[in-house]
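Novice: This note's numbering puts the first residue of the sequence shown at 131, with every later residue one more than the last.
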Amino acid sequence: MDKKILLVIMDGVGFSKTGIGDAVSEAHTPTLDGLLAFRPTVSLKAHGSAVGLPSDDDMGNSEVGHNALGCGQIYSQGAKLVNESIESGKIFASESWAQVVSACKDNGSLHFIGLLSDGNVHSNISHLISMITQAKKDGVKSVKAHVLLDGRDVPATSALTYVDMLEKAMAELNDGTFNAEIASGGGRMKVTMDRYRADWDMVQRGWETHVHGNARGFANATDAINTFRNENPGMIDQDLPAFVIERNGTPVGVMKDGDGVILFNFRGDRAIEMSMAFDDDDFPYFDRGVRPNVSFAGMLEYDGDLKIPKRFLVNPPEIKNTLSELLVANGIKQYAVSETQKYGHVTYFWNGNKSEKFSQELETFNEIPSDKVSFDERPWMKCAEVTDDVIAAIKSGKYDFIRCNFPNGDMVGHTGNMAAVIVSMSALDLCLARLLKVCEECGVTMLVTADHGNADEMFEKNKKGDLQVRTAHSLNPVPFIAATGCEGYKIAQGQFGLANVAPTVAELFGLKAPDCWESSILVKE
131 MDKKILLVIM DGVGFSKTGI GDAVSEAHTP TLDGLLAFRP TVSLKAHGSA
181 VGLPSDDDMG NSEVGHNALG CGQIYSQGAK LVNESIESGK IFASESWAQV
231 VSACKDNGSL HFIGLLSDGN VHSNISHLIS MITQAKKDGV KSVKAHVLLD
281 GRDVPATSAL TYVDMLEKAM AELNDGTFNA EIASGGGRMK VTMDRYRADW
331 DMVQRGWETH VHGNARGFAN ATDAINTFRN ENPGMIDQDL PAFVIERNGT
381 PVGVMKDGDG VILFNFRGDR AIEMSMAFDD DDFPYFDRGV RPNVSFAGML
431 EYDGDLKIPK RFLVNPPEIK NTLSELLVAN GIKQYAVSET QKYGHVTYFW
481 NGNKSEKFSQ ELETFNEIPS DKVSFDERPW MKCAEVTDDV IAAIKSGKYD
531 FIRCNFPNGD MVGHTGNMAA VIVSMSALDL CLARLLKVCE ECGVTMLVTA
581 DHGNADEMFE KNKKGDLQVR TAHSLNPVPF IAATGCEGYK IAQGQFGLAN
631 VAPTVAELFG LKAPDCWESS ILVKE
């Protein structure tokens, strides 16, 4: 084709509504500032109903954001899917639920592993409580909860709120025939919840903790959390070490043959690796020791192409008619690149939760390995390398549609380090300047957007009105900028969300969008 388009996704970069902790505005970003001031720009809704989540109180995330960006439609997602399944009772009528429960209700325990919060990004504590309640009704006698502490999608030191909530619910259920208790835990960035096979040591720590009971012992989860906080002043929940609950010096939640295990996270990226550890007979990533013969299920099918996990409770959305499918059908060559932390977002999630390409000939993916350090130590991450790669792809002339993701605003934003986030945004701006220059020289249409907010809201006020560090995504809108090559087009009338981006790309290519898509942001003048 004569038309060439570059879509830049600035992960975690939104428009602040309050100005509190707005690292995007505080950073030195002359290129972004100039684009926002002088190029056609509109705000996009990137949370709640715009990305298929239950309500507008639910913050968006990179997974549902890239689903919406890549498919031009709004699908029921994660929490909403599970909510609907629990409300209808469909989850408890599923074959997978019946298999896991029947495996352990006589002499075994039913173990639940997952993120303990109501952040609605990876999990929701209400889902866990509903399943524990139903497990008792279905004849399960023993429940063990292996809780991962959040502090990322919820306030940074809110773990005890959720521990108290869970322990209160379990106490109301416990009687002479049923007992539920917390068995182990740890911060989500220390145990279990790695993604993209970047840090198998994290998964191994989770396996040793949840399965074998090998971690520091405490009388209860509250003691563990308070002890770690006292020993590590300033440490937030996501970074707390692993712990197990002991009784008379013995871990209460060691898994054994005949037990059932449910990983209750609904979001896939940080659930895949632990699912593999339970499911795969051929598993080369770490020594699992004696692997108990348990009946395992995930909340959702986290990877439909690789069939991970083998058993799951709620069917994922069947995303069809994606932008990639439309482009492939029209012979348009695509190139997708990011570093490890967001590589799956511009490939798997972009293509509608599919690992495989729609066309080996027309789609090219490239992953740039991320550094294995805390992101606030190197807040520029791999933005220069991603930029180098995109420029090479543009100058090759091989590709009609190029998409890239810069993780800086999101991954550094999650650390809570305001100074580092400011640096990360300045580094990103340098990359935008380089890309803008090359696109103008090569006649490439450059579009700039984001998938959700984060770096734009690094502080928040607590109930006392005091400022505290915020590590979660924001509910703020994100930019869409027609940076260059959009002459003859103007911003259409109306309100837009992430799902309007794919129709805009189709409009610029002169393609007819599927009838199920949202409308284009740009229309001809």
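C-beta atoms are modelled at their ideal positions from N, C-alpha and C, and glycine is treated no differently.
Closer than 8 Å is the cut-off here; do at least three beta carbon pairs connect the stretch 251-261 with the stretch 210-224?
Specialist: yes
Novice: Going straight from the alpha carbon of N197 to that of P644, what length do you get?
Specialist: 16 Å
Novice: For L245 versus L278, is the C-beta distance shorter than 8 Å?
Specialist: yes
Novice: Are the stretch 310-321 and the stretch 262-276 touching, with three or more C-beta to C-beta distances below 8 Å?
Specialist: yes
Novice: In this structure, what does DSSP give as the bridge partners for C534?
Specialist: V138 and V467
Novice: The beta strand (DSSP E) that contains S500, what's its start and end?
Specialist: From DSSP, S500 is part of no beta strand (DSSP E); its letter is neither H nor E.
Novice: Give me, in chain order, the residues of the same chain whose beta-carbon lies closer than 8 Å to that of S185; leave out the 5 immediate sequence neighbours on both sides.
Specialist: G178 and S179
Novice: Can you tell me whether DSSP reads A612 as helix, strand or coil?
Specialist: strand
Novice: Do you know how far the Cα of D283 is from the Cα of T291?
Specialist: 14 Å
Novice: Flag this pair as yes or no: are the beta carbons of S328 and S468 separated by less than 8 Å?
Specialist: The question names Ser, yet the displayed sequence has Ala at residue 328. Going by C-beta atoms, A328 is not nearer than 8 Å to S468.
Novice: So, does the stretch 455-475 touch the stretch 487-500, judging by three or more C-beta pairs under 8 Å?
Specialist: Contact between the stretch 455-475 and the stretch 487-500 is present: three or more C-beta pairs spanning the two stretches fall below 8 Å.
Novice: What do you get for L597, buried or exposed, if any count of 16 or more other CB atoms within 10 angstroms of its CB means buried?
Specialist: exposed
Novice: Could you have a look at H129 and say whether DSSP puts it in helix, strand or coil?
Specialist: Outside the displayed range of the chain (131 to 655) lies residue 129, so it cannot be described from this structure.
Novice: By DSSP, does P381 sit in helix, in strand, or in coil?
Specialist: strand
Novice: In three-state terms, what does DSSP make of L605?
Specialist: DSSP places L605 in coil when its eight states are reduced to three.
Novice: Consult DSSP for Q598 and reduce its assignment to one of helix, strand or coil.
Specialist: strand
Novice: Under three-state DSSP, which class holds Y478?
Specialist: helix
Novice: Spatial neighbours of C572 within its chain, please: CB distance less than 8 Å, with the 5 preceding and 5 following residues excluded, ordered by chain position.
Specialist: K134, I524 and K525
Novice: Quick check on R359: does DSSP put it in helix, strand or coil?
Specialist: In the structure shown, R359 adopts helical secondary structure according to DSSP, grouped into three states.
Novice: Out of Q203, F408, V653 and K450, which has the shortest C-alpha to C-alpha gap to I243?
Specialist: F408
Novice: Go ahead and pull the three-state DSSP assignment for A198.
Specialist: Residue state, collapsed to three classes: helix.
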